[in-house]
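One structure is given below, encoded as structure tokens.
Protein chains: 2
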Amino acid sequence: MQTLLNTVNQIFTTEQFLHEPRPLYEPIDYTLRLGGKRIRPLMLLAANRMFGDTDEAVRHAAIGIEMFHNFTLLHDDLMDRSPLRRGQPTVYRKWGDNTAILSGDTMFALAWQYFLKQPHERLHDILKCFNQTAIEVCEGQQYDMDFEQRNDTTLDEYMQMIRLKTAVLLAAALKIGALYAHAPEEDTEHLYQFGIHLGLAFQLQDDLLDAYGDTATFGKQTGQDIRDRKKTYLLHCALHLANSSQQKELQALFADVNGDEDARVVRVLQIYKELGIQPHVEEAIRQQFALAKEQLDAVQVEEIQKAPLQQLMETLLGRKK
Amino acid sequence: MQTLLNTVNQIFTTEQFLHEPRPLYEPIDYTLRLGGKRIRPLMLLAANRMFGDTDEAVRHAAIGIEMFHNFTLLHDDLMDRSPLRRGQPTVYRKWGDNTAILSGDTMFALAWQYFLKQPHERLHDILKCFNQTAIEVCEGQQYDMDFEQRNDTTLDEYMQMIRLKTAVLLAAALKIGALYAHAPEEDTEHLYQFGIHLGLAFQLQDDLLDAYGDTATFGKQTGQDIRDRKKTYLLHCALHLANSSQQKELQALFADVNGDEDARVVRVLQIYKELGIQPHVEEAIRQQFALAKEQLDAVQVEEIQKAPLQQLMETLLGRKK
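Residue numbers (the numbering used here), protein chains in the order written: chain A, 683 to 1003; chain B, 683 to 1003.
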């Protein structure tokens, strides 16, 4: 696990992202140097190493998957008008909308460039998996934006949205890592499903932390999802447990666009507390975690080979013993 | 040639672009149904047929290249704040900035999906060519935006910019078509260079029409490039022919952002006329046309096989006898 972290850090420290024209590549270099947890390249390399050694091609794929992820963040920040990313000004705030659009587009193209650097027997499958995922992530972002305008989304729709927006890219990183190692098809599929459940667990935990997390350690303002009218797992869970007057009040609070925002957030959080939704959400996270574990267990390699992924999963969900 | 046009029209008429979520795919369908000359798919198919029959894979590549081209138009229109495209409202005007960003991103991903539909012996080379081109087109757009802010661009810089922004995609369409037909490497390279010179000739002609074209047949307002502070071939040619007082006046007219725009355009066009730049620009177009012809001549197939490309070239440059 530590070796893996070192490898990933070394990959991103040594890679050169600055080229001409500078106004195009500086925001790309800036974005990739902001850091972050590098979860997707870690997953890709961990899945790859389960089946053997890591070669040059898979290192480039690790950069490609992170490049793609950062492209989506760059365009999402612009669309959501988010001022900060990892505590620093977002690209559109620093350089303007047009730079955010064009440098983002270039990052998407550069992601492909990394995947195409070396030939590989399974390259067609790898690229198809990456491409399908890219399309799904765009669809997930569209559903996310649409749902902010709707007040009748269902829990199923929400789960499908976060599957597309968050889970499929983790899943693809794992599957692609395994494909580079020539893993058998059933194992690449188990790892894909492992990534889906892990991604869902991760997103539900993120939803929970938004309402119950400590601002200092979580790094985000409490109740931001409520401010953004995100119909997260928490709201769907609350609506399910609420009596009809509580349901009406919650729906009114999420439809309200003119009232005092701080008062709205306080009241929604109060209702969540009254309904005791926290253990219900925690149970849902446990379920996804267990489903993920099942998929990892099914992969046909020695248990010792699975240790890094197991550890990564536990670190990601804050369950590291 | 007529067969080729029919094939391309049939491809785009029968292809289904509408999927769920509708808010994401409707602007994509709208953009592709606006029509246009479909020059890149025509080039791709024409280059392919020079060497043999057109199969399913190359039909998908023809859609892919047009999808990519339309993605760049969609994002360029947003960045340039262009209200109209082919006489219809642009996507950002019709659906908003966020839709233009995200539907554009999805079109870029869909372009890859078309290229990845079928396996092909030369697929890795095809995808590398497409990817390199995509990066170059982004770089070209960046230079174009940068040059609008600069008053010291050189003719070389301008030629390099239009090479990236316009010519490489025509060149790639031709090379990719030939790669699908398993053409020898020298021939794919000749076709690539043919596309570069054709693209340059095409852009120079576009520059000329902006100043001297008939608004009715050209479909654009005369002098739009002058309004947009585009330092086109015409300006560089004029600066080269001008005496020092004319040079100063031209530079002042392009630096001026507060004066009467209509008067600016009239005065710039008047100086162009005084300097008699038109025959000089026409000569540059003829040169690029001749260089293109040389490259096409060098392709090792029977002359009769080259007729459709020859015709396409002449139609594109309005030189059809």
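Ideal Cβ positions, reconstructed from N, Cα and C, are used throughout, including at glycine.
Which residues of chain B have a Cβ atom closer than 8 Å to the Cβ of A:H757, listed in chain order? I783, L784, D787
Leaving aside the five residues before and after B:R804 along the sequence, list all residues of the same chain whose C-beta is less than 8 Å from its C-beta, in chain order. L861, Y862, H864
At least one CB of chain B closer than 8 Å to the CB of A:A705: is that the case? At residue 705 of chain A the sequence reads Pro, which differs from the Ala that was named. For A:P705, the answer is yes, since a Cβ of chain B falls inside 8 Å of its Cβ.
Whole alpha helix (DSSP H) runs in the stretch 763-805 of chain B with 4 or more residues, listed along the chain? 773-777, 779-798
Quick check on the burial criterion: 16 or more other C-beta atoms within 10 angstroms. Buried or exposed for B:G778? exposed
Consult DSSP for B:G746 and reduce its assignment to one of helix, strand or coil. helix
From the DSSP output, in three-state form, read off B:P866 for me. coil
C-beta contact flag for B:L951 and B:A893 at 8 Å: yes
B:C820 versus chain A: which residues are under 8 Å apart at the beta carbon? L706, L784, D787, T788, A791
Counting only C-beta atoms, is B:R872 closer than 8 Å to chain A at any point? Note on identity: in this sequence residue 872 of chain B is His, with Arg being the wrong assignment. No, its Cβ sits nowhere closer than 8 Å to a Cβ of chain A.
Contacts of A:M827 in chain B (Cβ-Cβ under 7 Å): N780
Would A:A782 and A:L756 qualify as a contact pair, given that the criterion is a beta-carbon distance under 8 Å? yes
For B:L917, name the three-state secondary structure that DSSP assigns. helix
Using three-state DSSP, classify B:V850 as helix, strand or coil. helix
Apply the 10 Å Cβ neighbour rule to A:K1003 and answer buried if 16 or more other Cβ atoms are within range, or exposed otherwise. Its pLDDT being 38, under 50, A:K1003 is placed unreliably by the model, and nothing is read from it.
Just to make sure I have the definition right: I need the residues of chain B whose C-beta is within less than 9 Å of the C-beta of A:W777. Which are they? Result: empty, since nearest Cβ-Cβ is about 11 Å, beyond 9 Å.
Take the Cβ of A:M730 as the centre, count every other Cβ of all protein chains shown within 10 Å, and call the residue buried at 16 or more, exposed below. Correcting the residue type first, residue 730 of chain A is Asn in the shown sequence and not Met. Buried: at least 16 other Cβ atoms inside 10 Å.
Once the 5 residues before and after A:I745 are set aside, which same chain residues still bring their CB inside 8 Å of it? I693, F694, E697, P723, Y796
Please confirm whether A:P801 has its beta-carbon closer than 8 Å to some beta-carbon of chain B. yes
B:I959 in three-state terms, based on DSSP: coil
Short CB-CB distance (under 8 Å) between B:K810 and chain A: yes
Helix, strand or coil at B:K1002 [DSSP, three-state]: Per-residue confidence for B:K1002 stands at a pLDDT of 49, beneath the threshold of 50, marking its modelled position as unreliable; no derived number is given.
A:I986 classed as buried or exposed, judged by whether at least 16 other C-beta atoms fall within 10 angstroms: exposed
Could you check where the alpha helix (DSSP H) with A:D636 kicks off and where it finishes? The structure shown has nothing for residue 636 of chain A, since chain A only spans 683 to 1003.
How long is the line joining the alpha carbons of A:V983 and B:L686, rounded to whole angstroms? 53 Å
For A:N730 and chain B, any beta-carbon pair shorter than 8 Å? no
Determine the DSSP secondary structure at B:G859, reduced to helix, strand or coil. helix
Can you look up A:Q824 in the DSSP assignment and give me helix, strand or coil? helix
When Cβ atoms are compared, which residues of the stretch 947-974 of chain B fall closer than 7 Å to chain A? none
For A:H806, would you say it is in contact with chain B, using Cβ-to-Cβ distances shorter than 8 Å as the test? yes
Taking only the alpha-carbon atoms, compute the straight-line gap between B:P961 and B:Q933 and give it to the nearest angstrom. 22 Å
Return the residue from the list B:L957, B:R768, B:H701, B:E818 that minimises the CA-CA distance to B:T713. B:R768
B:L760 versus chain A: which residues are under 7 Å apart at the beta carbon? I783
Beta carbon of B:V850 nearer than 8 Å to that of B:T815: yes
Under a CB-based cut-off of 8 Å, is A:A816 close to chain B? yes
Closest to A:Q823 by C-alpha separation, out of B:T788, B:Q842, B:C811, would be which residue? B:T788
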